[in-house]
Structure formats: C-alpha cells, structure tokens
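Trainee: This is the structure I have questions about; it appears just below.
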Amino acid sequence: MSKLETNFLTSEERLSLIRDHKLEKDGRKRDRMKFILLYNDGWSYAQIAKVLLLDDQTLRNYLKDYESGGMKSLLSFHYTGRPTILSEFECKELEAHLSDNTYLTSYQIRKYIKAKYKKEYSKKGIISLLHKMGFVYKKAKLVPGNPDELKQEEFVANYNKLSENLAEDEEILFLDGVHPTHNVRVAYGWILKAGVTFFLYFRLKSVAKYMLRLLQSDKTHFTF
Numbered sequence: 005m006s007k008l009e010t011n012f013l014t015s016e017e018r019l020s021l022i023r024d025h026k027l028e029k030d031g032r033k034r035d036r037m038k039f040i041l042l043y044n045d046g047w048s049y050a051q052i053a054k055v056l057l058l059d060d061q062t063l064r065n066y067l068k069d070y071e072s073g074g075m076k077s078l079l080s081f082h083y084t085g086r087p088t089i090l091s092e093f094e095c096k097e098l099e100a101h102l103s104d105n106t107y108l109t110s111y112q113i114r115k116y117i118k119a120k121y122k123k124e125y126s127k128k129g130i131i132s133l134l135h136k137m138g139f140v141y142k143k144a145k146l147v148p149g150n151p152d153e154l155k156q157e158e159f160v161a162n163y164n165k166l167s168e169n170l171a172e173d174e175e176i177l178f179l180d181g182v183h184p185t186h187n188v189r190v191a192y193g194w195i196l197k198a199g200v201t202f203f204l205y206f207r208l209k210s211v212a213k214y215m216l217r218l219l220q221s222d223k224t225h226f227t228f
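Sequential numbering from 5 applies to the sequence shown in the numbering used here.
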C-alpha cells in the first residue's frame with residue numbers, strides 16, 4: 005500500500021507540475037506527470053488507467069518510483085544502451101578517419117566499417133554511433149575558389165614551353181575535359197559538429213579568362 009494520501013502535493017508543487025507538463029515535449033514524461041496530478045486529486049488506479057490508456061501495474065510502478073525519489077526519479081528512464089560493436093580504439097580511429105574524409109551517406113560509412121573492421125552496423129545503429137562521436141548530417145558551406153591569376157599565367161607559360169620542345173614522336177593529350185560548372189550544388193554529409201566542411205568552386209569569369217588565353221595562344225595545340 006502507498007503511504008501517500010490525497011492532496012500530498014502542496015498548491016505550489018501542483019501549479020509547478022502543471023506548468024512543467026505544458027512545457028514538456030516527451031509524451032512519456034507528460035503521462036507520468038498527469039498520473040501524479042490525478043492520483044493527488046484522489047483518482048483510483050482504474051480511473052487513471054482508463055484515461056491514460058495504461059495498465060494498472062505500470063501506474064503502480066510510477067508511484068513506486070515517485071515515492072523512492074520524487075519527480076526526478078519518476079521522470080528518469082533507467083535505460084542502458086548496448087555496448088558499441090567497435091572497440092574504443094576502433095571508434096577513435098574511425099572518428100579520425102571521418103574527420104578527414106566526408107561521407108555523403110551513412111550507408112557509405114557502414115560499407116567502410118565492414119571493409120575495414122569486418123563488423124556490420126544497421127542504419128539506426130551507425131547513426132546512433134555517429135551522433136555519439138559528435139557528427140551531424142548537414143550541408144557543407146560553399147566558398148569561391150579564388151584562383152591565383154599569377155599561377156594561371158605561370159601555367160600558360162609552362163605549357164607553351166612544353167609544347168615548343170616536343171619531340172616529333174610526342175604529342176599533348178587533353179583527357180576528361182569538361183565545361184565550367186555554372187551552378188554548383190552543395191551536398192549534405194556527415195560532418196563533425198564543431199567543424200565546417202567547405203566545397204571550393206572557381207569563378208566562371210576566371211575560368212573563362214584562362215580558357216581564352218589558351219585559345220588565343222598560337223603555341224597551344226588541342227588533341228581530341
């Protein structure tokens with residue numbers, strides 16, 4: 005039998021609990037708060053169970069927690085998570101790797117772990133591990149590459165010098181040539197919460213200037 009009687013809460017405690025209930029986002033905690041308020045008002049277990057859609061034994065356990073440590077004990081969830089699949093050393097090694105290498109999806113990280121450590125994580129499990137390590141899934145910041153024009157001039161000069169000194173059996177090949185990107189899209193990725201990942205892009209104007217110099221040079225030869 006409970007030692008608590010009706011109206012065991014003071015007026016101030018009851019008002020404070022009502023305020024906390026309005027602010028609480030966790031539905032499980034709100035149910036426990038409602039239980040204490042209703043039990044304080046003289047409701048029976050059966051009545052409260054019908055309103056909260058909970059069983060009688062659950063409510064008795066709530067009251068036991070409350071009697072042992074008050075609201076702090078009642079609102080605490082005594083869950084213990086399963087130990088991580090990776091060892092402490094492996095977790096630190098993985099954290100260092102992820103800090104230097106940005107992965108766009110958790111699936112890619114799971115594949116890396118399986119290949120590297122021969123261990124497998126579920127999607128939910130790897131996301132939980134990443135959050136524990138301090139990683140978040142966020143969009144990187146886009147900043148201009150700001151290419152150095154002097155370096156471009158130096159490249160053109162070196163290229164012209166190279167083309168002037170080609171042997172008869174040599175030629176210059178351009179591979180994987182692409183047009184400048186007009187609209188750069190920034191992707192999401194797993195990034196350390198305290199850090200920021202930047203994707204660099206070159207201004208189209210600077211790229212156009214560089215291409216124009218090559219095209220205007222009579223020493224430039226393109227092979228397709």
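Note that beta-carbon positions come from the ideal geometry of N, C-alpha and C, so glycine has one too.
Reducing DSSP to helix, strand and coil, say where G193 ends up.
Mentor: As a first step, residue 193 must be located in the sequence shown, where it is residue number 189. Note: G193 maps to strand in three-state DSSP.
Trainee: For L127, does the three-state DSSP call read helix, strand or coil?
Mentor: As a first step, residue 127 is located in the sequence shown; it is residue number 123 there, counting from the start. The amino acid occupying residue 127 in the given sequence is Lys; Leu does not appear at that position. Three-state result, K127: helix.
Trainee: Do W194 and I3 have their beta-carbon atoms positioned less than 8 Å apart in this structure?
Mentor: Given that the chain is displayed from residue 5 to residue 228, the structure contains no residue 3 and the question cannot be resolved.
Trainee: Can you tell me which of the three DSSP states V55 falls into?
Mentor: Counting from 1 along the sequence shown, the entry for residue 55 is found at position 51. The answer is helix: DSSP assigns V55 an H, G or I state.
Trainee: With DSSP as the reference, label F12 as helix, strand or coil.
Mentor: Counting from one through the sequence shown, the residue named residue 12 turns up at place 8. The answer is coil: DSSP assigns F12 none of H, G, I, E or B.
Trainee: Are three or more beta carbon pairs between the segment 49-60 and the segment 29-40 nearer than 8 Å?
Mentor: Contact holds: three or more Cβ-Cβ distances are below 8 Å.
Trainee: Quick check on K223: buried or exposed, where buried means 16 or more other Cβ atoms within 10 Å of its Cβ?
Mentor: For the purposes of this step, residue 223 is identified with residue 219 of the sequence shown, where counting begins at 1. Confidence in K223 is poor, its pLDDT being 47 and thus under 50, which makes the residue's placement too unreliable to answer from.
Trainee: Among the candidates E168, E99, D45, whose CA atom is the shortest distance from the CA of K197?
Mentor: What you label residue 197 is simply residue 193 of the sequence shown in a count that begins at 1. Looking at the Cα atoms, E99 is the closest of the given residues.
Trainee: Are Y121 and E94 touching if we call contact CB-CB under 8 Å?
Mentor: By one-based count along the sequence shown, residue 121 stands at place 117. By one-based count along the sequence shown, residue 94 stands at place 90. Contact flag set, yes.
Trainee: Taking K122 as part of the alpha helix (DSSP H), name the residues at either end of that continuous run.
Mentor: Residue numbering aside, residue 122 sits at position 118 when the sequence shown is read from its first letter. It is not in any alpha helix (DSSP H) - K122 carries neither H nor E in the DSSP assignment.
Trainee: Quick one: what does DSSP say F139 is sitting in, helix, strand or coil?
Mentor: The residue you call residue 139 lines up with position 135 of the sequence shown. F139 falls in the strand class under three-state DSSP.
Trainee: Under 7 Å Cβ to Cβ from K118, same chain only, skipping five residues before and after it: list those, please.
Mentor: Reading the sequence shown from its first residue, position 114 is the one you call residue 118. Only E124 meet the Cβ criterion.
Trainee: Tell me the rounded alpha-carbon separation between D104 and N164.
Mentor: Position 100 of the sequence shown, counted from the start, is the residue given in the question as residue 104. Position 160 of the sequence shown, counted from the start, is the residue given in the question as residue 164. Rounded to whole angstroms, D104 to N164 spans 37 Å at the Cα level.
Trainee: Distance check for K155 and L166, CA to CA, integer angstroms please.
Mentor: As a working note, residue 166 is residue 162 in the sequence shown. As a working note, residue 155 is residue 151 in the sequence shown. Whole-angstrom Cα-Cα distance: 16 Å.
Trainee: Going by DSSP, name the residue or residues bridged to Y111.
Mentor: Residue 111 sits at position 107 when you count from the first residue of the sequence shown. DSSP lists no partner for Y111.
Trainee: Just how far apart, CA to CA, sit F139 and Y107?
Mentor: What you label residue 139 is simply residue 135 of the sequence shown in a count that begins at 1. What you label residue 107 is simply residue 103 of the sequence shown in a count that begins at 1. Approximately 11 Å between the Cα atoms of the pair.
Trainee: Just the C-alpha distance for K115 and S91, rounded to the nearest angstrom, thanks.
Mentor: Counted from its first residue, the sequence shown places residue 115 at position 111. Counted from its first residue, the sequence shown places residue 91 at position 87. Rounded to whole angstroms, K115 to S91 spans 17 Å at the Cα level.
Trainee: To the nearest angstrom, report how far apart S132 and F159 are at their CA atoms.
Mentor: Walking along the sequence shown from the start, residue 132 turns up at place 128. Walking along the sequence shown from the start, residue 159 turns up at place 155. Going from the Cα of S132 to the Cα of F159 covers about 48 Å.
Trainee: Nearest-angstrom Cα distance between L134 and G46?
Mentor: Here residue 134 refers to the residue found at position 130 when the sequence shown is read from its first residue. Here residue 46 refers to the residue found at position 42 when the sequence shown is read from its first residue. Those two C-alpha atoms are separated by around 47 Å.
Trainee: Can you give the Cα-Cα distance for F203 and E174, rounded to whole angstroms?
Mentor: Position 199 of the sequence shown holds residue 203. Position 170 of the sequence shown holds residue 174. Reliability of the predicted coordinates at F203 is poor, the pLDDT of 47 falling under 50, and no value is obtained from them.
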